[in-house]
Amino acid sequence: MKVVVFGASGMVGHGVLRACLLDDGVTEVVTVGRSPLGIEHPKLHEVAHSDFTDLAPVAAELAGADACFYCLGVSASGHSAEVYRRVSYDFPLAAARLLSADNPELTFTYVSGAGTDSTEQGRVAWARVKGATENALLAMDMRAYMFRPGWIRPMHGAVSRTRAYRVIYALTSWLYPLANRLAPDRLTTTEALGRSMLGVVRLEGAGPHVLSPQDINRLGAGA
556 MKVVVFGASG MVGHGVLRAC LLDDGVTEVV TVGRSPLGIE HPKLHEVAHS DFTDLAPVAA
616 ELAGADACFY CLGVSASGHS AEVYRRVSYD FPLAAARLLS ADNPELTFTY VSGAGTDSTE
676 QGRVAWARVK GATENALLAM DMRAYMFRPG WIRPMHGAVS RTRAYRVIYA LTSWLYPLAN
736 RLAPDRLTTT EALGRSMLGV VRLEGAGPHV LSPQDINRLG AGA
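Residues 556 to 778, numbered by the numbering used here, are exactly what the sequence shown covers, in order.
In structure tokens:
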């Protein structure tokens, strides 16, 4: 299958890209980003693009995709509400509209996060935005899956692009084995995320469509 990855340079995107390149069922991986990844692989085709609200100029290179793994995002901290909504809502909706046009069997995955507010009425701004994005994607004519990871353990060289997160991961990485024993339903890894995104493609539209860390780990183990 042909897959499209947005945000492949980020921590989650790294895990997804790695899983796709290792999977024999994936024949072509198209990444969309502003800068080169610095990776060479016979399956990989990088598309340079900067305006994520208008993907028409690269539509031909994205055509025929079986799945889109949308991992692009920013932290709510340090960004205005307008910028955060543009990146977290406008960008993924633009990608979904383009890729799902005349392609209802497209599998589209979106990474939101634990605490996402499906009601869009809560007090936490980022959770309302993520909830609105999830709701809009789930209402579209395609096979949409929302990923809500909790604490993510980076693996195989995955690194967060947010400095604060890098510091937190560095300071707390030694706690992961203990936390995994005490609260396994709240933790996952970049490897499990990548493998589970491939796993939902093989569900062919079946549920669950909103995935908790437990769902992610279960699918990641079986993908």
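All C-beta atoms, glycine included, are put in the ideal place defined by N, C-alpha and C.
The structure presented is a predicted model; accordingly, all values stated were derived computationally and were not measured.
What does the Cβ neighbour count give for Asp621, buried or exposed, with the cut at 16 atoms within 10 Å?
In the sequence shown, residue 621 corresponds to position 66, counting from 1. Buried.
For His569, name the three-state secondary structure that DSSP assigns.
By one-based count along the sequence shown, residue 569 stands at place 14. Here His569 sits in helix by DSSP.
Indicate the three-state DSSP secondary structure (helix, strand or coil) for Thr688 in the structure shown.
Position 133 of the sequence shown, counted from the start, is the residue given in the question as residue 688. Three-state DSSP puts Thr688 in a helix.
Below 8 Å, how does it come out for the segment 571–581 and the segment 758–765: are there three or more Cβ pairs, yes or no?
As far as the Cβ criterion goes, the segment 571–581 does not touch the segment 758–765, which means the pair count is below three.
For Val722, I'd like the list of residues in its chain whose CB is within less than 6 Å of its CB, leaving aside the five on either flank, ordered along the chain.
Numbered from its first residue, the sequence shown carries residue 722 at position 167. Confidence at Val722 is low in this model, with a pLDDT of 49, below 50, so the placement of that residue is unreliable and no value is reported for it.
So what does DSSP say about Val679, is it helix, strand or coil?
By one-based count along the sequence shown, residue 679 stands at place 124. Three-state DSSP puts Val679 in coil, outside helix and strand.
Are there three or more Cβ pairs, one per stretch, closer than 8 Å when the segment 675–691 is compared with the segment 631–645?
Taking 8 Å as the limit for Cβ pairs, the verdict is that the segment 631–645 does touch the segment 675–691.
List the endpoints of the continuous alpha helix (DSSP H) containing Leu610.
Taking the sequence shown and counting its residues from 1, the one referred to as residue 610 is at position 55. No alpha helix (DSSP H) holds Leu610; DSSP gives it neither H nor E.
Can you tell me whether Ala603 is helix, strand or coil according to DSSP?
The count along the sequence shown starts at 1 and reaches residue 603 at position 48. Correct three-state label for Ala603: strand.
Is Glu660 near Ser673, with beta carbons less than 9 Å apart?
On the sequence shown, residue 660 is found 105 positions in, with the first residue counted as 1. On the sequence shown, residue 673 is found 118 positions in, with the first residue counted as 1. Taking 9 Å as the Cβ cut-off, Glu660 and Ser673 do not qualify as a contacting pair.
If you pair each beta-carbon of the segment 623–630 with each one of the segment 649–656, do three or more pairs fall below 8 Å?
Yes, since at least three Cβ pairs between the segment 623–630 and the segment 649–656 fall closer than 8 Å, the two stretches touch.
Assuming Ala603 contacts Arg589 under a Cβ cut-off of 8 Å, what Cβ separation, rounded to an integer in Å, is found between them?
Translated into positions along the sequence shown, residue 603 becomes position 48. Translated into positions along the sequence shown, residue 589 becomes position 34. Rounded, the Cβ-Cβ distance is 7 Å, consistent with contact.
Mind checking which residues open and close the beta strand (DSSP E) that includes Tyr625?
Against the sequence shown, residue 625 aligns to sequence position 70. First-last of the beta strand (DSSP E) with Tyr625: Ala622 to Tyr625.
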